[in-house]
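Below you'll find the structure, written out as structure tokens, and then a few comments.
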Amino acid sequence: MAELTPSQLLELVHGTQVAAGTPRVRELTRRIVTDLFRTIEDCNVKPDEFWAVVQWLTRLGASGQVALVTAGLGFDRLLDIREDEADRAAGRSDGTPRAVEGPLYVAGAPLSKGEARLDDGSFEGAVLVMEGRVLDTGGEPVAGAIVDLWHANEHGLYSHFDPDQKPYNLRRRIETDAQGRYRFRSFLPPGYAVPPNSPTSELFDALGRHGNRPAHIHFMITGRGMRTLTTQVNIPGDTFLDDDFAFATRDGLIVELEQGASAEGYKSLDVRAPFTRVRFDFVLQKAANEREAAAGSRYAGTTATAD
Ligand code: FE
């Protein structure tokens with residue numbers, strides 16, 4: 001083969017087998033490889049730096065933390081910002097704001113009607129009851145909506161990914177009643193950080209960035225004919241509320257804590273002393289099509305699924 005300049009090599013990389021393959025994959029690969037060629041040239045990337053990155057990517061993939069890095073580099077929020085922009089252009093900006101799903105959703109949590117207790121009582125944190133309604137944008141209740149929620153334990157870890165927790169610990173699905181109501185008991189979750197001494201922390205240490213997320217609770221809410229809402233609410237007062245590793249904090253999603261609420265009326269959740277209450281209504285848009293109303297995580301529309 002002839003001697004090549006970088007640009008000639010790039011054309012060969014892109015130009016082979018152009019009649020085959022997937023046009024969209026070819027388009028995006030061309031753009032990304034072109035940008036990386038340019039980065040290597042502009043930044044004078046040496047072989048040892050390049051192969052160090054390849055090794056890091058290999059370890060990152062093996063660690064299952066790729067989706068932590070995407071969040072920390074802003075990609076998850078970027079996709080939400082773009083969805084918001086598309087909604088605004090389409091005149092669909094009403095309802096509860098979306099927020100990033102994160103990499104730790106697990107489908108199939110236990111389902112109950114109206115209310116649920118998430119924790120098993122083994123951790124005696126501040127008792128939290130969060131309650132409210134699922135409404136449409138006209139203020140009408142959405143009966144039979146499914147409020148699928150998940151949060152970290154007292155150590156900042158999620159069941160399924162943390163082998164020390166029981167299956168579906170701190171994960172539940174609650175079906176709203178005729179008035180669109182839901183409520184659940186748990187404890188106030190703490191914030192958490194990316195795993196120390198991991199491929200993810202290596203990158204963010206090198207970038208001089210912390211890996212902390214403020215305390216939050218995740219939700220995925222579906223209702224018949226409604227657009228699925230994936231969001232999270234933040235607990236106020238957290239140090240990292242406005243300095244979130246994943247850039248996920250949004251106005252309208254920071255709840256208010258009502259301290260010392262009366263236990264009266266909460267016996268079915270085994271609440272017997274004053275507790276911390278959060279009231280929050282979720283407002284769903286009408287679905288424009290079946291795809292918008294489908295339940296499922298962000299991986300549902302992909303051909304490859306994460307385990
Ligand atoms: Fe989370």
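Letter by letter, the sequence shown follows residues 1 to 307 in the numbering used here.
We put the CB at the ideal spot given by N, CA and C, even for glycine.
Length of the line joining the Cα atoms of residue i and residue j
i, j, result
"residue 131", "residue 74", "31 Å"
"residue 70", "residue 247", "11 Å"
"residue 117", "residue 126", "14 Å"
"residue 245", "residue 258", "27 Å"
"residue 287", "residue 93", "13 Å"
"residue 13", "residue 42", "19 Å"
"residue 2", "residue 40", "22 Å"
"residue 100", "residue 4", "44 Å"
"residue 66", "residue 102", "11 Å"
"residue 274", "residue 188", "14 Å"
"residue 26", "residue 36", "15 Å"
"residue 293", "residue 104", "21 Å"
"residue 191", "residue 290", "35 Å"
"residue 78", "residue 84", "10 Å"
"residue 211", "residue 60", "16 Å"
"residue 220", "residue 136", "15 Å"
"residue 168", "residue 49", "42 Å"
"residue 140", "residue 207", "47 Å"
"residue 261", "residue 28", "54 Å"
Bridge-paired residues (DSSP) for residue i
i, result
"residue 141", "135"
"residue 219", "149 and 231"
"residue 175", "113 and 146"
"residue 159", "162"
"residue 37", "The partner list for residue 37 (beta bridge, DSSP) is empty, contrary to what the question assumes."
"residue 58", "Answer by DSSP bridge pairing: none, since residue 58 is not bridged."
"residue 31", "Note: residue 31 sits in no beta bridge, so no partner."
"residue 258", "277"
"residue 286", "226"
"residue 44", "In DSSP, residue 44 forms no bridge with anything."
"residue 212", "193"
"residue 128", "186 and 276"
Any non-hydrogen atom of the ligand FE within 7 Å of residue i CB
i, result
"residue 128", "no"
"residue 170", "no"
"residue 213", "yes"
"residue 19", "no"
"residue 152", "yes"
"residue 102", "yes"
"residue 216", "yes"
Buried versus exposed, by CB contacts within 10 Å (16 or more), residue i
i, result
"residue 297", "buried"
"residue 214", "buried"
"residue 155", "exposed"
"residue 201", "buried"
"residue 249", "buried"
"residue 19", "exposed"
"residue 235", "buried"
"residue 199", "buried"
"residue 45", "exposed"
"residue 9", "exposed"
"residue 232", "buried"
"residue 122", "exposed"
"residue 197", "exposed"
"residue 252", "exposed"
"residue 217", "buried"
"residue 318", "Any question about residue 318 goes unanswered here, given that the chain covers just 1 to 307."
"residue 142", "buried"
"residue 153", "buried"
"residue 184", "buried"
"residue 174", "buried"
Legend entry - Contained alpha helix (DSSP H) runs [length at least 4] in the region 73 to 100, N- to C-terminal order: 75 to 89
Inset, instruction - Enumerate, from N- to C-terminal direction, the unbroken alpha helix (DSSP H) stretches of 4 or more residues contained entirely within the region 179 to 208. - result: 199 to 206
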